[in-house]
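Engineer: The sequence shown maps to residues 34 to 144 in the working numbering. Note that CB positions come from ideal geometry on N, CA and C, so glycine has one too.
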Amino acid sequence: MIHNKKFTASTIIVAITVIFLIFSRFFLISSVPGLHFDDARYANEALRIMQEEFRPLSGQNPYIGSFIYYFIAQSFLLTDTYSILTLKLFFAISSILGPLLIFLSLRMFDK
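See the structure below:
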């Protein structure tokens, strides 16, 4: 019984967090005009991956790596557009999926 209450409380906290993230990311997506310099660089590197035979092995920062370039290139290919909105949607979706993946990963150890 106690485990179910803990699971329910943690599930409610994660649900509230996801609802807040959905509101703050999707409904306010157009409130910040343009891109930050690092977002623009990520988009340009993803475009180079799509257009050239460019395969980076290191990223802008050592803690990020080059995986983000490939994920952004996939989002451009899935939507068939290279736009600021596509890039912002990618970051919005990934910022919502992050806490969910952390919650699911940590829940495996809570047995």
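Determine the extent of the alpha helix (DSSP H) in which GLY131 is found, giving its start and end residues.
Structural biologist: Against the sequence shown, residue 131 aligns to sequence position 98. Looking at the DSSP string, the run of the alpha helix (DSSP H) that includes GLY131 is 117 to 141.
Engineer: Distance check for PRO95 and GLN84, CA to CA, integer angstroms please.
Structural biologist: By 1-based counting over the sequence shown, the position of residue 84 is 51. By 1-based counting over the sequence shown, the position of residue 95 is 62. Their Cα atoms are separated by approximately 25 Å.
Engineer: Below 8 Å, can you find three or more Cβ-Cβ pairs linking the region 108 to 115 to the region 48 to 56?
Structural biologist: Short answer: they don't touch.
Engineer: Under 7 Å Cβ to Cβ from ILE126, same chain only, skipping five residues before and after it: list those, please.
Structural biologist: Along the sequence shown, read from residue 1 onward, the residue named residue 126 stands at position 93. Closer than 7 Å at the Cβ level, and outside the excluded window around ILE126, lies no residue.
Engineer: Following the continuous alpha helix (DSSP H) through ARG81, name the residue where it begins and the one where it ends.
Structural biologist: Start at 1 with the first residue of the sequence shown, and residue 81 comes out as number 48. Segment 70 to 84, the alpha helix (DSSP H) holding ARG81.
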